[in-house]
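Residue numbers (UniProt numbering): 1 to 141.
Ideal placement from N, C-alpha and C gives every residue a C-beta, glycine not left out.
Given the structure is predicted, the values throughout are model-derived calculations rather than measurements.
Everything below concerns the one structure shown next.
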Amino acid sequence: MVLKHIEACELEYVRLEDVKIVNSKNLGQNRVVQVTLYPQNEHRCLVKTTELNSNETRKDVEMRKCGVVLEKLMNNNHGWVFNEPVDVVGLGLRDYRKIVKCPMDLGTVKLKLDIGLYENSLDFADDVRMTFQNARLYNRK
């Protein structure tokens with residue numbers, strides 16, 4: 001991890017040869033780094049670069065971060081109720097399927113994440129939001 005100042009604040013993922021990193025040792029060619037920008041003012045940014053595994057893609061990085069977020073949600077003291085699908089029969093919620101058209105829970109989100117069904121982090125976020133929107137929708141009645 002290297003912190004440095006640069007003038008352009010439009011970078012996200014770059015090849016190492018496109019970024020001049022001062023005081024780094026033996027980084028080699030064709031390595032990919034993730035660049036995180038911390039704006040200082042309109043012309044300068046503090047940049048944190050993290051070298052990525054050469055086999056790791058941008059999607060891999062995004063999905064790994066989604067997994068971290070999901071784990072925190074599922075392990076939250078109040079999150080347990082969202083970890084499994086709603087037990088419509090066991091809870092006697094005869095009208096649940098009429099009100100909630102697209103059921104979603106964090107356990108299903110985890111399964112979809114684990115087997116690679118999400119194209120990107122936005123699709124993941126949509127399903128997580130749907131979990132909580134469904135709860136608000138049904139419990140508002």
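- Per DSSP, the unbroken alpha helix (DSSP H) holding residue 130 starts and ends at 121-139.
- Between the region 86-102 and the region 60-77, the count of Cβ pairs shorter than 8 Å is below three; the stretches do not touch.
- With fewer than 16 other beta carbons inside 10 angstroms of its own, residue 120 counts as exposed.
- Using a Cβ distance threshold of 9 Å, residue 73 and residue 82 count as a contacting pair.
- Taking C-beta atoms under 8 Å as the contact rule, residue 100 and residue 134 qualify, at a distance of about 5 Å.
- In terms of CA proximity to residue 104, 125 leads the group 63, 94, 125.
- Between the alpha carbons of residue 123 and residue 116 lies a distance of about 11 Å.
- By the criterion of a C-beta distance shorter than 8 Å, residue 137 is surrounded in its chain by 99, 100, once the five residues flanking it on both sides are discounted.
- Just so you know, the alpha carbons of residue 62 and residue 114 end up roughly 13 Å apart.
- Under the three-state reduction of DSSP output, residue 118 falls in the coil class, being neither helix nor strand.
- Between the C-alpha atoms of residue 118 and residue 94 there is a straight-line separation of about 31 Å.
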